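Numbering-wise (my numbering), the sequence shown opens with residue 11 and increments by one. Structure record follows, encoded as structure tokens.
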Amino acid sequence: MDVKNLIQLAENGDVNAMMEIAKFYDEKSSGRQEDKVGDVLSEEEFLEILLAEETISDEETISKDECEENKKNAYKYYRMAAEAGNAEACTEVGRRLYDGIGVEKNEEESDEWYKRGAEGGDPNAMRVIAFRTDNAEEKFKYFKLSAELLKPGLNKQDSIKETAINYACGRGTEKDISKAKKWIAKLDEDHAEYAIIQISKMTGEDFWLKEIAETSTNTMIEMAEKFIQKNDFVTALKWYKKAAAKDSVEAMSLIGDMYYIGEEGIEQNYAEAFKWYSQAAQHDYNMAKIKMTLMIYRGIGVEQDLNTAFKNFSKIAWTRENFGELGAPLRFNSVARYYAAKMRENGEGCTKDSTKTVESYRVAGGLEKIEEYDSVRFIPKAIYKVADAYFLGDGVRQNFAKALNFYEKTFSLESGKTPYHKEAVKKIMWMYELGEGIPQDKSKAEEWRKK
């Protein structure tokens, strides 16, 4: 059936035709429209098209204006189908109003359409309502219904998980541990583990964790944290060591912390701390690598070795780190960058070089984004060092305006009365007071003196 005939049927009140043509315009707005008009797309087919990784040819691409027009047309026909009582369409209208897709954003009206979709039996709408509502009974009702009705997948797992948590905690329903366990049994391993950890945290009932603590490293760590809250560090250490025995690098690093600090009942032992940090570092755990290298740099628990420390900091500084989740943002290690810059400034373990020092501090301070995936983390003390370099003309051409800018940035980012916070304020005050490279301004000097 061609598009014109489909539109005619839709205009004449055929709800199926409305949905067909809405999905047709949806595909067109993505630049991936194919010859599927006349066949209602399943959710799986539609997602497959949207998530396809093949390159779109020049002939397939559409302009921004065409894309927006297609989104408006998709919304128009979803709205028609929704007003005719189609629950799936109600959910789509709610989503588009919430996100402003093909229509002006309107969260209040979005909620109304999601409610219509939920009342019409669409489990996706039920799930959205469950997450959004503050009413405990309504939240439980819709999580349970969506858990029963959704197709297998992550959304269904989330709804099952929430249903289990609500039963276990007595939220929106009578507390029922037996039912909670039955719902947990429907979860995959990762969701079940998450649900149990959350229930334990929310209820304070340790027996939830104990049921899986002997097999799951995450729950072993949770058990350790439970004992830490009770100031029982000795028992906590035992649980951390159980997790470490199963190659949990997080546990290895935390054991290092306990020995480094010397928690109550645990004798402070720098050599032991260094051993555990080193063990975690061998598994490419950057946080442990930094702690291990700091000990090498300062000669704590191990013989000081500036050459090795500089090499380690430099390597960590330019290592992309993935924080455990597939697709998690990658970032450079700003702390390692700072120490590499500091060692470069002092000529520790490397050749002293003022120009490279400033460049290193700029990167460490988050003033330069090296690559697209590099998340910015500002380190005020590194920015202060850059400000000093511009003020003194050390390693960079002297520039008082830039120095002032970076001193002000240090002040705005640094919290509390740290040395860098205080010194940045003093430098700004005196620059205005004396007209040091900038127009003299006594009133601004007085403002900064008060700070």
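Note that beta-carbon positions come from the ideal geometry of N, C-alpha and C, so glycine has one too. Note that the structure is a prediction, hence the values are computed from the model and not measured.
Check	Outcome
Does the distance from the CB of methionine 28 to the CB of alanine 84 come in under 8 Å?	no
Rank Asp257, Thr245, Met136 by C-alpha distance to the C-alpha of asparagine 228 and give the top, closest one.	Asp257
In the DSSP assignment, find the alpha helix (DSSP H) that holds cysteine 179 and state where it starts and stops.	164-179
Could you check if glutamine 167 is buried or exposed, using at least 16 other CB atoms within 10 Å of its CB as the buried criterion?	buried
Three-state secondary structure (DSSP) at tyrosine 295?	coil
Mind checking which residues open and close the alpha helix (DSSP H) that includes tryptophan 458?	452-460
Quick one: is phenylalanine 217 buried, meaning 16 or more other Cβ sit within 10 Å of its Cβ, or exposed?	exposed
Taking the alpha carbon of arginine 372 as the reference point, which residue from Lys362, Glu358, Asn356, Tyr400 has its own alpha carbon closest?	Tyr400
Please report the straight-line C-alpha distance between glutamate 63 and glutamate 37, rounded to a whole angstrom.	Its pLDDT being 42, under 50, glutamate 63 is placed unreliably in this model, and the value from its coordinates should be taken loosely. The straight-line gap from Cα to Cα measures roughly 15 Å.
Using the rule of at least 16 other Cβ atoms within 10 Å of the residue's Cβ for burial, across every protein chain shown, is glutamate 260 buried or exposed?	buried
Leaving aside the five residues before and after glutamate 355 along the sequence, list all residues of the same chain whose C-beta is less than 6 Å from its C-beta, in chain order.	Thr367
Buried or exposed for threonine 365, going by 16 or more other Cβ atoms inside 10 Å?	exposed
Within 10 angstroms of its Cβ, does asparagine 134 collect 16 or more other Cβ (buried), or is it exposed?	buried
Thinking just about the alpha-carbon of each residue, which of Leu197, Lys196, Ser156, Phe150 is nearest to the one in asparagine 176?	Phe150
Between the alpha carbons of isoleucine 310 and glutamine 278, how many angstroms are there, rounded?	12 Å
For aspartate 198, count neighbouring C-beta atoms within 10 Å of its own C-beta (all shown protein chains included) and say buried if the count is 16 or more, exposed if not.	exposed
Could you tell me how far apart the beta carbons of alanine 455 and alanine 392 are, in whole angstroms, since I believe they sit closer than 8 Å?	With 8 Å as the limit, alanine 455 and alanine 392 do not qualify as a contact, their Cβ atoms being about 26 Å apart.
Between which two residues does the alpha helix (DSSP H) containing aspartate 121 stretch?	117-129
Take the Cβ of threonine 101 as the centre, count every other Cβ of all protein chains shown within 10 Å, and call the residue buried at 16 or more, exposed below.	buried
Using three-state DSSP, classify threonine 467 as helix, strand or coil.	Because the chain here runs from 11 to 461, residue 467 falls outside it and cannot be looked at.
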